[in-house]
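In the numbering used here, each residue's number is its place in the sequence shown (first place is 1) plus 43. Even for Gly, the Cβ is constructed at its ideal location relative to N, Cα and C. Note that this is a predicted model, so its numbers are computed, not measured.
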Amino acid sequence: MNVILFRALKNANVSDDDAERVVNALERHIDLAVGDANKALEGKLDGVKASIDGLKFYLQIMTGVVATCAVIGTALTAYSQLLK
């Protein structure tokens, strides 16, 4: 419970029960608002993670292509040396 708000309500001559209900309602509202904000951020984070996973896959493919080109280049170089 937010003690500062509760004390302020008590100083304004609000009953204990009413002050507690106000504090609890405000805390629930804050929890819901933060939860909604976090859901939006989590959705964006999931999108970023998916993009990173896509880039990782692309990088793996490109690494394989470069390695294949290196092998082919080495084989062609060796073959050209044999032709001389």
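Cβ-Cβ distances below 8 Å link V66 to M44, N45, L48, F49 and L52 in the same chain, with the five nearest sequence neighbours on each side left out; the list follows chain order.
Collapsing the DSSP output to three states places N67 in a helix. Sequence-distant Cβ neighbours of D61 in its own chain, meaning closer than 8 Å and more than five residues away, are L52. DSSP places S58 in the coil class of the three-state scheme, outside both helix and strand.
In the three-state reduction of the DSSP assignment, K53 falls in the helix class.
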